[in-house]
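Offset between the sequence shown (1-based) and my numbering: plus 877.
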Amino acid sequence: MYTSRSIVQIHPWVDESPSHLRKTVAMSTRTPRFSWHILGDFAAMFFITGAVTTPFQGKGDWDVSIPVVVTAFVIGMALFLRRKAPVTILAVTVTLTLVLMFLGVSGPVIGLPLAIAVYSVALRLPRRQAWLLSALSALVLMATFIFATDFQFFDPAWIALLAIPAFATAAGSYSRSRRELLISTEARARAAEENREAEARQRVAEERLRIARDLHDVVGHHIAAIGLHADLADRALIDHPEIARESLDVVRTSAHEALSEISDMMKVLRENTELAPSPSLKNMSDLLTRFRRSGHSVTVNAQGNLENLPAFSDSVAYRVIQEGLTNASKYSADATSRVDVTRREDSIHITILNPIDSAQPTTNKQGFGLMGMRERLAAVGGTMEISTDDNSGFQLMVRIPLSREQQL
């Protein structure tokens, strides 16, 4: 039977996600207010501007030579290409900085282009490679500074040549790690959302299939009885009005019962009602009464203790008998069936036998009822076999395990 717990409720992923994951993904997808690239571009422009305007400072005399201006200008222009080729631009920057040192340029400002180039390398290369290139660049510049200039121990220039690349590498590595973390977090969040959506779709599909099976089980035999007795009433209406009246009574009763059971099912689906008990072999007598009242003769042979069965086996066994008798009422040649139910040590065996009309061609086509029966049995590790011949008729044989271990 249906329970209100079986209805799938799909909530948006954002409502159930951890708050820190939502914030992280929001940060990764939000346009940053500040970019280190912008700072690097302005620093490069400042260096170019300084290199170009330095010759015109003072009282009109040239403070530096033209080679210094050209070298500084080339460094500044090269920095604009650091995003496309960071390692190449770092090598160019180090080389041209060495040229500036040999031309007599010194001071902390000489480390500014190196910081920009090193930061770009650290932002794009793995941490170990970035620190290795940064250390090599600093050592080369430091050695050149010692031999090419008037080295003094307390000169801030050489301290800047060591400190600036280190800070730039640390900043670039941190930015790279943070960016990778944000990208990874966003990818995991996207994958989690896709998995949740796929799982929700699967659960909805399973629930729809379950609704279809239960709807067929609940009202299938009523509809079969209605069709059978409506046809009988039509043929007996003139010559045998009493039989027609009895058939119409069965049609009316079956229709009321079908509508009642559908209404009960809709209430469970729409409302948070109390859970109804699952179908059980304990209610098999009521099931047989409904079929017999509709004109179907059923003989039952039960062996073994059918009390206190596991709920999952008990429910499936009831549905198997219900669907088997529904099929028999549709296709049996003389509206008779025999049901054998045997409880063994580890399983329940059910056999449903009904004669078939030899004049009608047999077919292997199975309807939704038998399809749903196979699905129910597969869910609990059960098996089903069907055989058809002119002598024994249509025979349905089912085995249902009693232990959970056999279902897995």
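We put the beta carbon where it would ideally sit given N, CA and C, even for glycine.
task = Return yes when the Cβ of Ser-1171 is within less than 8 Å of the Cβ of Ser-1206, no when it is not.
result = Yes.
ask   = Straight-line CA distance for Leu-975 to Ser-1050?
value = 25 Å
ask   = Using the beta-carbon count (16 or more within 10 Å), is Gly-988 buried or exposed?
value = Gly-988 is buried by the Cβ-count criterion.
message = Given this structure, state the Cα-to-Cα distance separating Ser-1214 from Val-1197, to the nearest angstrom.
response = Distance between the alpha carbons of Ser-1214 and Val-1197: 14 Å.
request  = Keeping to the same chain, check which residues put their C-beta closer than 7 Å to that of Gly-1270; ignore five residues upstream and five downstream.
outcome  = Leu-1230, Asn-1231, Pro-1232, Ile-1233
query = Under the DSSP definition of a beta bridge, which residues are partnered with Pro-1278?
reply = Ser-1224
message = Could you tell me the alpha carbon to alpha carbon distance between Leu-967 and Ser-1014, rounded to whole angstroms?
response = Their Cα atoms are separated by approximately 8 Å.
request  = Using the Cα positions of Gly-1259 and Thr-1219, report the straight-line distance between them to the nearest angstrom.
outcome  = 15 Å
DSSP three-state assignment for Asn-1178, whether helix, strand or coil = If DSSP states are grouped into helix, strand and coil, Asn-1178 belongs with the strands.
task = Indicate, with yes or no, if the ligand NAP has a heavy atom lying under 7 Å from the CB of Met-1250.
result = Of ligands this structure carries none, so the ligand NAP is not represented either.
query = What residue range is occupied by the uninterrupted beta strand (DSSP E) comprising Glu-1184?
reply = From DSSP, Glu-1184 is part of no beta strand (DSSP E); its letter is neither H nor E.
query = If you draw a straight line from the C-alpha of Leu-956 to the C-alpha of Ser-997, how long is it?
reply = 9 Å
task = Report the partner residues of Thr-1260 according to the DSSP bridge assignment.
result = Here Thr-1260 is bridged, per DSSP, to Arg-1276.
task = Using the DSSP secondary-structure output, state which residues sit across from Ser-1214 in a beta bridge.
result = Here Ser-1214 is bridged, per DSSP, to Val-1175.
request  = Say whether chain D places a C-beta atom closer than 8 Å to the C-beta of Arg-1065.
outcome  = Going by chain labels, chain D is absent from the structure shown, which holds only one protein chain.
Rounded separation between Thr-1239 and Gln-1272 - CA only = At Thr-1239 the pLDDT is 48, less than 50, meaning the model places this residue with poor confidence and gives no usable figure here.
query = When burial is assigned at 16 or more other CB atoms within 10 Å of the CB, is Leu-1086 buried or exposed?
reply = exposed
ask   = Out of curiosity, what's the CA-to-CA distance linking Trp-1008 and Glu-1084?
value = 57 Å
inquiry  = Quick check: Arg-1053 and Ala-1020, are their CB atoms within less than 8 Å of each other?
reply    = no
query = Tell me the DSSP bridge mates of Phe-1271?
reply = Asn-1231, Thr-1265
query = What do you get for Met-978, buried or exposed, if any count of 16 or more other CB atoms within 10 angstroms of its CB means buried?
reply = buried
query = Apart from the five residues on each side of it in sequence, which residues of its chain come closer than 7 Å, Cβ to Cβ, to Leu-1165?
reply = Val-1175, Val-1177
ask   = Which value, in whole angstroms, describes the spacing of the CA atoms of Gln-1079 and Ala-1255?
value = Distance between the alpha carbons of Gln-1079 and Ala-1255 is about 17 Å.
request  = Might you give, ordered along the chain, the residues of its own chain that have their beta carbon closer than 6 Å to the beta carbon of Ala-1107, omitting 5 neighbours on each side?
outcome  = Excluding residues within five positions, the ones whose Cβ falls inside 6 Å are Val-1128.
Nearest to Gly-1104 (by Cα), restricted to the options Thr-1130, Asp-1266, Ile-1036, Ile-1139 = Of the listed residues, the one whose Cα sits closest to Gly-1104 is Thr-1130.
inquiry  = Is it buried or exposed, Pro-1118, if we count other Cβ atoms within 10 angstroms and call 16 or more buried?
reply    = exposed
Exposure label - Val-1193; buried when at least 16 CB within 10 Å = By the neighbour-count rule (16 or more Cβ atoms within 10 Å), Val-1193 is buried.
request  = Pull up the DSSP beta-bridge partners for Thr-1219, would you.
outcome  = Gln-1180, His-1226
request  = Assign Phe-1044 to one of three DSSP states: helix, strand, or coil.
outcome  = helix
request  = Quick one: grab the DSSP three-state call for Ala-962.
outcome  = Here Ala-962 sits in coil by DSSP.
task = Within the same chain, show all residues whose beta-carbon is closer than 8 Å to that of Pro-963, passing over the 5 residues directly before and after it, in chain order.
result = Ala-994, Ser-997, Val-998, Leu-1000, Arg-1001, Leu-1002
query = When you compare each of Thr-1265, Asp-1266, Ile-1263, Ile-1225 to Val-1257 by their alpha carbons, which one comes out closest?
reply = Out of Thr-1265, Asp-1266, Ile-1263, Ile-1225, Ile-1225 has the C-alpha closest to the C-alpha of Val-1257.
ask   = In terms of residues, what are the limits of the alpha helix (DSSP H) holding Ile-1115?
value = Counting along the chain, Ile-1115 falls outside any alpha helix (DSSP H), and DSSP gives it neither H nor E.
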